[in-house]
Each structure stands twice: as C-alpha cells, then as structure tokens.
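To keep things clear, I will list the structure first and then write my remarks on it.
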Amino acid sequence: MEFGKIALIAMFAISMVGSPGPVNMALMASGASFGYRRSLPFLVGSISGFLLVCLAVALGLGSLFVTFPTLQVVFLFVSVLYIIYLAFKVATASPEIDDRSSNPGYLAGVILHPLNPKAWVTIIAAYSQFVSPTTSYVGQVITIMLIFAAVSFPLNSIWCYGGNVLRRLVKSTKALRVINIALAILMVVAVTLALLQADILEEYWRANT
Numbered sequence: 107m108e109f110g111k112i113a114l115i116a117m118f119a120i121s122m123v124g125s126p127g128p129v130n131m132a133l134m135a136s137g138a139s140f141g142y143r144r145s146l147p148f149l150v151g152s153i154s155g156f157l158l159v160c161l162a163v164a165l166g167l168g169s170l171f172v173t174f175p176t177l178q179v180v181f182l183f184v185s186v187l188y189i190i191y192l193a194f195k196v197a198t199a200s201p202e203i204d205d206r207s208s209n210p211g212y213l214a215g216v217i218l219h220p221l222n223p224k225a226w227v228t229i230i231a232a233y234s235q236f237v238s239p240t241t242s243y244v245g246q247v248i249t250i251m252l253i254f255a256a257v258s259f260p261l262n263s264i265w266c267y268g269g270n271v272l273r274r275l276v277k278s279t280k281a282l283r284v285i286n287i288a289l290a291i292l293m294v295v296a297v298t299l300a301l302l303q304a305d306i307l308e309e310y311w312r313a314n315t
C-alpha cells in the first residue's frame, strides 16, 4: 500500500478514534473514577475489542447483517442497553476513590466496541473507502487494522488520562458527582448520534413497511 493511502487512512482513523463517542466517554469516566493506571486494562481491552470488530467486518459479518436486518436491529438494541447500563454505572459511581473498589478490567473493555455502533460504522466506512479490489485483500485489512491500533492507544489514552486530570483538579465531591452524571449523559448522546448517522433503523423500517 502506497504511503499516500496510508496517510489518508491514518487521518481517517485519527478523526474517528479521537472524536467523542461512548467508548471515549467510558474511558474518561474510568480515568476520573479510578485513575489512568488502574484503567489501563480497560483501555487495552477496548482497543482489542475494536480490532475484533475490524476482523469481524473483514470476515463478512457486515453482510450477515444486511442479509438478516432483524438480527442487526436486535444487535443494536443490545448495544444501546449495554451503553445505558454503563452510563448508569458511571452516573451512580461514588466520587470517592477507593483502592478496594472494583475497576473495569480487560474483558469489560473488550465488550465495549463490539457493542458500540460507532465502531461498526467506522470500520465499514474504512473498508469501503480504502480497500481496493486490485490489491491483496488480506494485506490491506492487516494494514488498516495496524493503523487503527497505532492511533487508538495514544488517542484513547488522552481521553482516559483527561478524566484522571479532571479528578485531580476538582476537589468538591458534589462537583465530581455532577461530572460523573454529565459523562453518563454524553455516553448516551454519543451512541444515539452514532445510530442516527448509521441510518440503520430507518433502513429497517423502510424495508419492512
């Protein structure tokens, strides 16, 4: 793959991975609640989950959703319910840091992206724009996955560490509780925007009416 195309994929990855979304909001909330270091397994898990989405789309799971649109809608509702559950956990989290409290681990992070509509929209768009039929499909998919992996750690870390910095700056317990609630609301807003951008429910409605 030529350098110019790699640069375009990198810019696309940076714009998508670095933008606000339910996963970045969850990482920021984790950083605010448990600190950056304790959130690292959660962060690495979220990146692993995104790479699983990359692999699933490359293997044709996206076409399975097209063939069975009802399955896609069920998946979306499960995704929304999980994000709402995470938002509830963030909103009701204690503002007091307790080293004995259970911080989200690697597996909790892995689940994030497969149940995040924005991740599916992002990688489907990446493959449709940058995968050429005249070049090795496997090689192109691996390159795209490596680029996303390379930009994900530093960009996701910024969100997570941003939560940690926010925690250090704000000393008021009431203010920290308000921040948790705000982050929870932003998670729900972000996943709603991802659904609206995907136009999946609208397409399903048209196909079944």
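Mapping the sequence shown onto this note's numbering, position 207 (from 1) lands on 313, and the numbers just tick up by one.
C-beta atoms are modelled at their ideal positions from N, C-alpha and C, and glycine is treated no differently.
All values derive from a computational prediction rather than experimental measurement.
**OP:** Determine the closest residue to Lys76 out of Ser258, Ala232 and Asn270, with distance taken between C-alpha atoms.
**Re:** In the structure as shown, the chain starts at 107 and stops at 315, and residue 76 therefore has no counterpart that could be examined.
Original post:
With distances taken between CB atoms, is the gap from Ile153 to Ala255 smaller than 8 Å?
Top reply: Here residue 153 refers to the residue found at position 47 when the sequence shown is read from its first residue. Here residue 255 refers to the residue found at position 149 when the sequence shown is read from its first residue. Going by C-beta atoms, Ile153 is nearer than 8 Å to Ala255.
Original post:
Helix, strand or coil: which one does DSSP assign to Phe174?
Top reply: Looking up residue 174 in the sequence shown gives position 68. Three-state result, Phe174: coil.
Original post:
Who are the near neighbours of Glu308 in its chain, counting only those whose CB is closer than 6 Å to its CB and skipping five residues on each side?
Top reply: Locating residue 308 in the sequence shown gives position 202, where the first residue counts as 1. With a pLDDT of 48 at Glu308, under the threshold of 50, the modelled position of this residue cannot be trusted, and the question is left open.
Subject >> Under the three-state DSSP convention, the category Lys277 falls into >> reply: Taking the first residue of the sequence shown as position 1, residue 277 is located at position 171. Of the three classes helix, strand and coil, the one that applies to Lys277 here is coil, per DSSP.
Original post:
Grouping DSSP H, G and I as helix and E and B as strand, with all else coil, what is Ala220?
Top reply: By one-based count along the sequence shown, residue 220 stands at place 114. Just to set this straight, residue 220 is Pro in the shown sequence, not Ala. Coil.
**OP:** Tell me where the alpha helix (DSSP H) around Val150 begins and ends.
**Re:** Stepping through the sequence shown from its first residue, residue 150 is reached at position 44. Where Val150 is concerned, the enclosing alpha helix (DSSP H) stretches over Tyr142 to Ala164.
Subject >> Boundaries (first-last residue) of the alpha helix (DSSP H) holding Met117 >> reply: Within the sequence shown, numbered from 1, the residue matching residue 117 stands at position 11. Taken as a continuous stretch (DSSP letters only), the alpha helix (DSSP H) holding Met117 covers Phe109 to Val123.
Original post:
Can you tell me whether DSSP reads Pro239 as helix, strand or coil?
Top reply: One-based indexing of the sequence shown puts residue 239 at position 133. Three-state result, Pro239: coil.
Original post:
Quick one: Cα of Val129 to Cα of Leu187, how far?
Top reply: The count along the sequence shown starts at 1 and reaches residue 129 at position 23. The count along the sequence shown starts at 1 and reaches residue 187 at position 81. So the two alpha carbons sit approximately 14 Å from each other.
Original post:
Nearest to Ala393 by CA position, among Ser121, Val227, Ala138 and Ser242, is which residue?
Top reply: In the structure displayed, the chain extends from 107 to 315; residue 393 sits before or after that span and is not available.
Original post:
If you run the structure through DSSP and keep just helix, strand and coil, what is Ile130?
Top reply: If you number the sequence shown from 1, residue 130 lands on position 24. The question names Ile, but residue 130 in the sequence shown is Asn. Note: Asn130 maps to helix in three-state DSSP.
**OP:** Could you check which residue in Val237, Met122 and Ala132 has the C-alpha nearest to that of Tyr267?
**Re:** The count along the sequence shown starts at 1 and reaches residue 267 at position 161. Check the Cα spacing between Tyr267 and each of Val237, Met122 and Ala132: the tightest is with Ala132.
Original post:
Within the chosen definition, does the stretch 209-229 reach the stretch 156-165 through at least 3 CB pairs nearer than 8 Å?
Top reply: Yes: the two stretches touch, three or more of their Cβ pairs being nearer than 8 Å.
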